[in-house]
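Residue numbering for the sequence shown follows UniProt numbering, beginning at 1 and increasing consecutively.
Ideal placement from N, C-alpha and C gives every residue a C-beta, glycine not left out.
Data first, discussion second: the structure below is written as structure tokens.
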Amino acid sequence: MDKVLGQLPQMAADKKTENKKFFAKLKKKPPKNLDYIMQELHEAEFERTDCLTCANCCKTTGPLFTNADIERIAKHLRLKPQQFIDTYLRIDEENDYVLQEVPCAFLGPDNYCSIYEVRPKACREFPHTDRKKFQQISHLTLKNVAICPAAFNIVEEMKKRIPV
Ligand code: SF4
Ligand code: SF4
């Protein structure tokens, strides 16, 4: 996996123009069964991909934290929400709460998440490839293919499977 992760930014850069064109066309005329196709591609990819050998999302980006995330995780850690914020979070340019630093403080050396049961919604949903109306988050996906090998593979499969 380390080799794949080392090559991924360049592989994503090589595909950037092609991917941009694909998503621009997909947005104009998404197939009626796009949600169904994405569900299939997502499930097939995550049967092959073991996130515990990767954790690149936790190591390099980290999620944004909603107020509900903050309250839930703080309660789990027996902290007050403000204590949790002061210890782990900062506000980014878009006014969202994000991690003070990456790799995420909750990621263990074995790639397990120490707050897995209560982890942020954005962690549960990353890389969002089974999201309904997937064409609407193409700007995010174009970034995620450089971070997440599963997202990269899913986009490659989409281009084979969906004529645009
Ligand atoms: S979601 Fe993607 S980046 Fe995160 S651990 Fe799984 S394969 Fe790696
Ligand atoms: S909270 Fe857990 S799943 Fe989310 S970035 Fe941190 S270690 Fe990864």
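Spatially closest choice to Leu41 from Val164, Ile162, Pro163 and Glu157, by CA coordinates: Glu157
Within the 7 Å Cβ cut-off, does Val98 reach chain D? Among the chains in the structure shown there is no chain D, since it carries only a single protein chain.
For Val98, which three-state DSSP category applies? strand
Under the three-state reduction of DSSP, which class applies to Ile91: helix, strand or coil? strand
Are Asp35 and Lys132 closer than 7 Å when you measure CB to CB? yes
Beta-carbon proximity check, Ala74 vs Pro81, cutoff 7 Å: yes
Does DSSP classify Cys113 as helix, strand or coil? strand
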